[in-house]
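Asker: If you use our numbering, the sequence shown closes out at 290, no skipped numbers anywhere.
Note that beta-carbon positions come from the ideal geometry of N, C-alpha and C, so glycine has one too.
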Amino acid sequence: MKRELSPLKDYLVDARERKYALGGFCIWTYAYGRAIAQVAQKLGLPMLYIIGDAEVKFFGGLDNAVAAAKTIAGEVDVPVILHADHFRDYDKICQAIDAGFKSVMIDASAYDLEENIERTARVVEYAHRYGVTVEGELGKIAGCEQKLSLSQEEALQTDPEEAAVFVEKTGIDLLAVSIGTVHGEYHFPPHINIPRLQKIHSRVSIPLVMHGGSGTPEDKVQEAVNYGITKVNLATDLVRVVGESTAHVQSGDGFGYSVANMYAPAYERLADFAEHKMRLLAKNILPDKV
Ligand SMILES: [Zn+2]
Numbered sequence: 001m002k003r004e005l006s007p008l009k010d011y012l013v014d015a016r017e018r019k020y021a022l023g024g025f026c027i028w029t030y031a032y033g034r035a036i037a038q039v040a041q042k043l044g045l046p047m048l049y050i051i052g053d054a055e056v057k058f059f060g061g062l063d064n065a066v067a068a069a070k071t072i073a074g075e076v077d078v079p080v081i082l083h084a085d086h087f088r089d090y091d092k093i094c095q096a097i098d099a100g101f102k103s104v105m106i107d108a109s110a111y112d113l114e115e116n117i118e119r120t121a122r123v124v125e126y127a128h129r130y131g132v133t134v135e136g137e138l139g140k141i142a143g144c145e146q147k148l149s150l151s152q153e154e155a156l157q158t159d160p161e162e163a164a165v166f167v168e169k170t171g172i173d174l175l176a177v178s179i180g181t182v183h184g185e186y187h188f189p190p191h192i193n194i195p196r197l198q199k200i201h202s203r204v205s206i207p208l209v210m211h212g213g214s215g216t217p218e219d220k221v222q223e224a225v226n227y228g229i230t231k232v233n234l235a236t237d238l239v240r241v242v243g244e245s246t247a248h249v250q251s252g253d254g255f256g257y258s259v260a261n262m263y264a265p266a267y268e269r270l271a272d273f274a275e276h277k278m279r280l281l282a283k284n285i286l287p288d289k290v
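#1: Alpha carbon to alpha carbon, how far is A164 from A266?
#2: Bridge partners of T71, per DSSP?
#3: K231 lies in the beta strand (DSSP E); which residues open and close that run?
#4: For G136 and I106, what's the separation of their Cα atoms in angstroms?
#5: When DSSP builds the beta bridges, which residues end up paired with A142?
#6: For F166, which option in F87, Y20, S109, I194 has the closest C-alpha, if you only look at C-alpha atoms?
#7: Given a cut-off of 8 Å, decide if I200 and T230 are closer than it, judged by their beta-carbon atoms.
#8: Candidates C94, L45, P160: which alpha carbon is nearest R134's?
#9: Compute the minimum distance between the beta carbon of H83 and the heavy atoms of ligand 2, and state whether it is under 7 Å.
#10: Which class does H276 belong to by DSSP, given the choice of helix, strand or coil?
#11: Given a cut-off of 8 Å on the beta-carbon distance, is the pair E4 and A37 in contact?
#12: Which residue comes first and which comes last in the beta strand (DSSP E) that contains I285?
#13: Taking only runs of the beta strand (DSSP E) that begin and end inside the region 93-165, which ones reach a length of at least 3 residues, in chain order?
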């Protein structure tokens, strides 16, 4: 039984060539991870988990998160990838790599270009020694709580020329871009800047990442996949599905002191949601009748 985690890079290089994307699914327990992995297995797609600081805490630390992902890797035939999402601290990223993460994000996008390059390149230097994939971020992805005008929003978006410099100087494997998506829930109609994405895609030869996939119109996401987006992060949507499911149980017959009554519907809904997203993102490569 294999219990190995995989680096992300090669799968996304393939995705870029063949114009499809993987969902980056945010999980915070083994059980939710397992529910989604069954779907990846069914569709024959790599299983990509993304977890940030908050989720690492729910797992009870980096080692536990790795152990959970490796257990799942032993249960399915498809590759399993555990990706550290929005890690900002160099030491923490090294700890994640030492714990067994094969894919990490260094988010130094709050700094100016020069410092972003410096901080990101330092992570690349460490990670590549161990064959670990690195995602960097350039441009600022707004949070749902921020109310910005369109021109303010555009000013924060990834600059295509800077992107080319950033990729070359850091040696990153994947680039997270800001093209109008937001983290969290949208409180206004999303404006996804496809022309800007096209420009970035033409300047940069590595796979691109869309953050804030939750709530982004699906036709826009699909269009973005045609211009180099190979990973679409999904976090808010998963919390919503699980939260709504447990609330639904409570407002109906109640959970009746049964763990299965309380959580089984959430696993099922999560799997359905994941299947919908995986099919959408990999539409270009999945045969109709998988
Ligand atoms: Zn993000």
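Answerer: According to the data block:
#1: 42 Å
#2: Its beta-bridge partners do not exist; DSSP assigns none.
#3: 229-234
#4: 5 Å
#5: V182
#6: S109
#7: no
#8: First, the residue type needs correcting, since residue 134 is Val and not Arg in the sequence shown. Nearest C-alpha to V134: C94.
#9: Absent from the structure shown: ligand 2. Ligands present: ligand 1.
#10: helix
#11: no
#12: Taken as a continuous stretch (DSSP letters only), I285 belongs to no beta strand (DSSP E), as it is neither H nor E.
#13: 103-106, 133-138
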